[in-house]
Structure formats: structure tokens, C-alpha cells
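The sequence shown begins at 0 in numbering that gives the first Met the number 0 and counts up one residue at a time. Note that CB positions come from ideal geometry on N, CA and C, so glycine has one too. Only a predicted model underlies this, so the values are computations on that prediction, with no experimental measurement involved.
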Amino acid sequence: MENNEQVPQNQEAIKNEQQPAAKPAAAPAGAPRRPAGRRHFGSRRKVCRLCAEHIDEIDYKQIQVLRSFCTDTGKILSRRITGACAKHQRQIMRAVKINRNLSLMPYN
Ligand SMILES: [Zn+2]
């Protein structure tokens with residue numbers, strides 16, 4: 000009699016284990032990690048545009064390029080905004096200052 004009682008208990012136990020296990024498997028596992036509302040800041044890597052285009056040195060004569068690193072009023076944009084590397088930012092600063100002296104670009 001003990002054997003007969005144990006068999007149905009085991010079957011019920013297996014059924015009970017299978018049912019809760021099946022529910023989370025039915026729900027999408029990877030999707031709902033992030034809460035709703037798109038907030039994904041950070042981890043967007045800025046690449047120096049001049050390095051990406053393999054421009055080794057920037058000249059004061061390349062005004063079109065220099066303008067893209069300045070505001071409309073003539074301020075030089077910071078590296079934080081443009082993403083330029085240190086080497087290119089130095090070259091941009093020098094070139095813009097030369098251009099200002101030659102009045103090719105405005106002072107502030
Ligand atoms: Zn660069």
C-alpha cells in the first residue's frame with residue numbers, strides 16, 4: 000500500500016513543478032529587463048571625426064572643416080561636444096586663431 004500511495008504523490012509533485020516552471024519560460028526572458036520608457040544614456044562612444052577620415056593635420060585654409068567645429072558666432076566647440084581627440088583639438092584651436100587673425104573667421 001505504501002508503494003501505491005507514493006506513486007500518485009510523485010506524479011502530482013512533478014505536475015506542480017512543471018506548471019510554475021512553464022510560466023516564466025512562456026514569458027519573454029530577455030525583453031523586460033529594462034523598465035518601460037526609453038532611457039539609455041551613456042556608452043555611446045564618440046569618435047574623432049578627423050581621425051575617422053584619416054586627416055592627419057588640419058590647416059587654417061580648410062575653413063569648411065573648421066567651421067564645423069565652431070558655433071555660428073565663432074566660438075570653438077569643446078571636445079566634449081565635438082568628440083575630437085586632443086591632437087586634433089589642438090590643431091583646430093591653432094587654425095581657428097590664425098583664421099581669426101586673418102579675419103576669415105569671426106571673433107566671438
Ligand atoms: Zn583625431
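Using the DSSP secondary-structure output, state which residues sit across from residue i in a beta bridge.
| i | result |
| --- | --- |
| Ile75 | Cys69 |
Give me the Cα-Cα distance between residue i and residue j, rounded to the nearest whole angstrom.
| i | j | result |
| --- | --- | --- |
| Glu107 | Lys45 | According to the sequence provided, residue 107 is Asn. The question's Glu does not apply to it. Those two C-alpha atoms are separated by around 26 Å. |
| Cys50 | Gly82 | 10 Å |
| Asp55 | Gln88 | 12 Å |
| Gln63 | Ala94 | 12 Å |
| Ser67 | Arg99 | 15 Å |
| Leu65 | Cys47 | 14 Å |
| Gly73 | Lys96 | 10 Å |
| Ser77 | Glu52 | 19 Å |
Relative to ligand 1, is the shortest distance from any of its heavy atoms to the C-beta of residue i smaller than 7 Å?
| i | result |
| --- | --- |
| His53 | no |
Check: Which residues have their C-beta within less than 6 Å of a heavy atom of ligand 1, listed in chain order?
Finding: The answer, residue by residue, is Cys47, Leu49, Cys50, Ala83, Cys84, Lys86 and His87.
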